[in-house]
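Structure first, commentary second.
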Amino acid sequence: MLYGREAEQAVIDDLLDGARAGRSGALVLRGEAGIGKSALLDYAATRGITAARGAGIESEAELPFAALHLLLRPGMALVPKLPPRQREALESAFGLGASAPADRMLIGLAVLTLLAEETADGPLLVLIDDAHWLDRATAETLLFAARRLDAEGVVMLFAARSGPDDFPAPGLPELALSGLPAEASAALLDAGATALSPTARYRLLVEAGGNPLALLELPSVLGAVDDLNPLPLTQRLQLAFYGRVARLPAATRTILLVAAAAGTTDLAPILRAAARLGAALPDLQPAADAGLVRTDGQVVTWRHPLSRAAVYQGSALTDRLAAHRALAEAMTDPDTADLRAWHLASAATGSDEQAASALERTADRARRRNGFHGAVAAYDRAAALSAGREARVRRLVAAAETATEAGLFEHAAHLADRAAAQLGRTDRTPGTGGRTTTESGQFDHAAPLAVGAAHTERTDPAPGTGGRTTSETGPDNGRTPKQDGPAACDSSSIGLPGCAPGEENAESTRTTDSTGSVGSGREADPGDALSLRLELIRAQVEFASGAPGSAHRRLMAAARAGARQSPMSARARTQTAHGRPANPDDTDGPAHSVGGRVPAQIVTRAVHTAWYLGPAELAEVAELLTTSAVDEDDPFTPIARYLTGSLTGRRTVELREAAAAARANGADSPADLVQLCGSGLVVGQDEQVGELADELIAESREQGRLALLAPLLFFRAEAELFGGRPGASRGAAEEGVRIATDIGQPQWISQLSAFLAYLAALRGDEAACREHVDRTTAEEFGGARAAGAPWAHAALALLALGAGRLEQARAELEHMTVEPARHHVSGLRSLADQVEVAARLGAPAQAAMAQLTEWSARAEQPWIAALVARGRALLAEGAEAEPHFRAALVGNRPFDEGRTRLLYGEWLRRDRRKADARTQLEQALSLFERLDAAPWSARARTELAALGIGVDARSSAGPLSVLTPQEAQIVRLAAQGLSNREIAARLVLSHRTVGHHLYKAYPKLGVLSRGELSALDLAE
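Residue numbers (this note's numbering): 2 to 1021.
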């Protein structure tokens, strides 16, 4: 019976009723130790729904996917039913297959699909206790699945402590548990305690503060604590539990200590270790009788985590060391190698190369499985145990590199400083404790730069880098359990793989040489190689802390230094996939190889830092590349050349050619090619960007690299809009922001929200536009310096321009005239708006016109030349305008063509050429209506009305206009013949959610089944 929890029980009952009706839900129960979280989970388990239970174990917090494996072990028989990529991802996470490491979010999708499969026979309840002790990989995976629940009939309940860093769960509803009401507290105390004096009873009720566990356990230690200086409640509870332990036989205390230290609930290794210390299974019975543990002969569980802590912390140090040593000796199975390594480390009292080597192998395995946080801890501890300087430095550098992958930039800086001290270098790396204003005054979020063998973290967000982190590939601004998380990518439209805050930066993990250039031919000195890697780490830390200028200078110096080191053999370049050693036990892999193919790889990173500084820095990078010898076989060479050429007006190859050359040289597609999409938009190669983005999106879905999807969908959304397909653009942006939100990529949440604001402005939906702008510039994303701020200003400017609020439009466009926004995609695409607003206000337009003309010359795109012609028409006097208007109608884009015809029609009407004006205005109206650009349609109608021509408002929207963006996306795929499971895998949903959306879409479309969808005209 639960006392005083009627309201909480009602919330749980509502969730379970929803599951019975096919709805899904998730809830986090938060509260201090002993407040009753586990009791509420037990209550939920009794409500008649099949339940799967799991829990975080403090000693397993550094073992990737340990808790997930225990949770899913009963349902592993369903794993073969998963789509192949998801099945391989889950097996890889558990070390059951030989597949390459999977994107963390693909593992989350596999878990979501598995949970949906388990609801075939009815709803499912998933209970996770002590979520604050989940290993990071498990926590991220389960949170990803929980956030995507919809119509599966699954309820997930998490129980977690209420500390500021205890299991952050953005996006999930939470229920905070406080102490029991006075009446309920008194009833529980009276039901569980022996007779107490009125004074003792009153004291207990006051000191327990309504904590149920305290009300049950404190009577046993009443009077053992000084009344004037009482211990904190948790310590008093531990004292109460240890009071029971101290009364047990010595052999029972021994086996309890082994169980407390074990890091596993499996009884077999515990018994083997206990036997080495003179204890056996019968010795566990007194502890079970005392209510401290439970066992079924297979596993042993603790009544409460505080009882385990009481046993371990109450034991002598020598006894704890002996227990860890016995456990290490007992764990001989390969499946327990990681636990054995940690027990060896826990038993060590000084340098111990055996333990250090074992931990290093554990770190390598964790890194291959994307367990970056566990890998950092293992490398760091291995360094501390190292017997020699070289091994210590190597492990510290590996720890620092891996910390950058996990977004732990402050910790990475500390590790780099320790490694540098060992090498005799004293310069220190700046920390990242808070958000800073950058040298440019614009930048506030940072994308992980590829560092050495770094493999950028693909997961959700975390504290420690200046706000809510986010991000796969990506970005600062989100929260993750107990650790710092990936810093947000900057506001660039050039997407690094590292910007997809969560996506693996696979190119950076390949075993590569420390140079891509033709050097002096001498062998690289190990100290030089490690120093180069440290410089790259420091550059990433500086970039993450908001100092792109410092990071840029360091990268440029590293590129020049790298040119003095000899390239790696071709064999070494190709021995791994995604940077993983071919031999899983080979520790001389990516963590220990030198940097990357530099300078080409470093140049691509220097382009990224320069992007936030200005044209001068971009020109500096281009100059370095054009004056340095490079390895023509390096996959980064064509990428670097295209990036620098596109951004500085020195382009020598087309986007398609650069992508093909990079792939031919062995580039990791899609990760290495993401940047090409962003830079392609800078030079107006929108059609090629759309084609490449589609290819890379398909590859990302096929390979399960979900964290690359948000940036790629952003580029695709831009290309679709610029090509005159706003509906498809909105669908891509909606999908992108949903994925970015689910996996914690604040860079792309901000960017995509801003672009959705721009699309809403095009439609004239002011409320939606401002709502998206507010989200874009939320404080958690950096406020006015958020990644999407430039596009947000462009959106508000377009909204004002469409409504005729010219002064407001000019104010917003002013933000686009300063660096770095001035040379970003949003700034370049707003140049025509700047010219139009200035011309209509009679203000100077020379600066915007000059930049537009220069952009046109650099990009060599006919549609940009058309915008230049329109600008000249607006600035021309009298009849001189008409030839420019006519030139502006050649090679244009649908929206730009409509605006040109509208402006031309207005000019013709003022020139009293009614018939010609009508032709232009009617064509403009047709274009605007097809694009659903309501404000512009209204302007065209107003102009036609001024000619005496009445035009009724009409909608040319197709059947998909009645659907939500997600419904439209699902319907399009269903019409192509994809099954629900295929659609689910592509859109990162469960197949039951896909079916739910189709069920809602059919009546809106007037069809009865998916077979009728093919007969509909679904083109935009």
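Don't be surprised by glycine CBs; every beta carbon is placed ideally from N, CA and C.
(message) Taking the beta strand (DSSP E) that residue 716 belongs to, which residues open and close that run?
(response) Premise fails: residue 716 lies in the alpha helix (DSSP H), 710-723, not in any beta strand (DSSP E).
(message) The alpha helix (DSSP H) that contains residue 733, what's its start and end?
(response) 727-744
(request) Might you give, ordered along the chain, the residues of its own chain that have their beta carbon closer than 8 Å to the beta carbon of residue 196, omitting 5 neighbours on each side? (result) Result list for residue 196: empty, nothing under 8 Å.
(request) Kindly list the residues whose CB is nearer than 7 Å to the CB of residue 852, restricted to its own chain and excluding five residues on each side of it in sequence; keep chain order. (result) 832
(message) I need the straight-line Cα distance from residue 493 to residue 264, nearest angstrom please.
(response) Any answer about residue 493 is weak, because its pLDDT of 30 lies below 50 and its placement is not dependable; what the coordinates show is given next. For residue 493 and residue 264, the distance between alpha carbons rounds to 44 Å.
(request) Under 8 Å Cβ to Cβ from residue 130, same chain only, skipping five residues before and after it: list those, please. (result) 38, 39, 42, 54, 55, 56, 57, 160
(request) May I ask you to report which of helix, strand or coil DSSP gives residue 871? (result) helix
(message) Between 633, 611, 634, 632, which has its C-alpha nearest residue 623's C-alpha?
(response) 611
(request) Flag this pair as yes or no: are the beta carbons of residue 293 and residue 4 separated by less than 7 Å? (result) no
(message) For chain D, check one thing: does any of its Cβ atoms lie closer than 7 Å to the Cβ of residue 292?
(response) Absence of chain D from the displayed structure is noted, only one protein chain being present.
(message) Below 8 Å, how does it come out for the segment 171-183 and the segment 211-221: are there three or more Cβ pairs, yes or no?
(response) yes
(request) Mark residue 2 as exposed unless 16 or more other C-beta atoms lie within 10 angstroms of its C-beta, in which case mark it buried. (result) Around the C-beta of residue 2, fewer than 16 other C-beta atoms lie within 10 Å, and the residue is accordingly described as exposed.
(request) Spell out a yes or no on whether the segment 742-756 and the segment 779-793 are touching, meaning 3 or more CB-CB pairs, one atom from each, closer than 8 Å. (result) yes
(message) Could you compute how far the alpha carbon of residue 615 sits from the alpha carbon of residue 681?
(response) Near 18 Å, if we compare the C-alpha coordinates of residue 681 and residue 615.
(request) For residue 319, name the three-state secondary structure that DSSP assigns. (result) helix
(message) Less than 6 Å between C-beta atoms, sequence neighbours within five positions excluded: which residues of the same chain meet that for residue 736?
(response) 714
(request) May I have the straight-line CA-CA distance separating residue 295 from residue 69, to the nearest angstrom? (result) 22 Å
(request) Kindly confirm or deny that the segment 756-772 and the segment 928-937 touch, where touching means at least three C-beta pairs closer than 8 Å. (result) yes
(request) In the DSSP assignment, find the alpha helix (DSSP H) that holds residue 19 and state where it starts and stops. (result) 7-21
(request) Give the C-beta separation of residue 394 and residue 420 to the nearest angstrom, bearing in mind that I take them to be a contact with Cβ-Cβ under 8 Å. (result) Rounded to the nearest angstrom, the Cβ distance from residue 394 to residue 420 is 5 Å, consistent with a contact under 8 Å.
(request) Using beta-carbon positions only, say whether residue 364 and residue 538 come within less than 7 Å of one another. (result) no
(request) Using 10 angstroms around the beta-carbon of residue 963, count the other beta-carbons present and answer buried if the total reaches 16, otherwise exposed. (result) exposed
(request) Tell whether a beta-carbon distance below 7 Å holds between residue 108 and residue 94. (result) yes
(request) Using three-state DSSP, classify residue 425 as helix, strand or coil. (result) coil
(request) Between the Cα of residue 370 and those of 163, 542, 97, 276, spot the shortest distance and give me the residue it belongs to. (result) 97
(message) Closest to residue 375 by C-alpha separation, out of 287, 388, 407, would be which residue?
(response) 407
(message) In the DSSP output, which residue or residues are listed as bridge partners for residue 26?
(response) DSSP output for residue 26 lists 156 as bridge partner(s).
(message) DSSP three-state label for residue 861, please.
(response) coil
(message) Among the candidates 366, 386, 800, whose CA atom is the shortest distance from the CA of residue 403?
(response) 366
(request) Go ahead and pull the three-state DSSP assignment for residue 750. (result) helix
(message) My output table needs one value for residue 1008: the three-state DSSP class, helix, strand or coil.
(response) coil
(request) Classify residue 134 as helix, strand or coil using the three-state DSSP reduction. (result) helix
(request) Give me whichever residues DSSP pairs with residue 256 in a beta bridge. (result) Answer is none; residue 256 lacks a bridge partner.
(request) Would you kindly check if the distance between the Cβ of residue 20 and the Cβ of residue 156 is under 7 Å? (result) yes
(message) Among the candidates 31, 45, 877, 940, whose CA atom is the shortest distance from the CA of residue 18?
(response) 45
(request) Would you tell me roughly how many angstroms separate the C-alpha atoms of residue 410 and residue 416, rounded to the nearest one? (result) 10 Å
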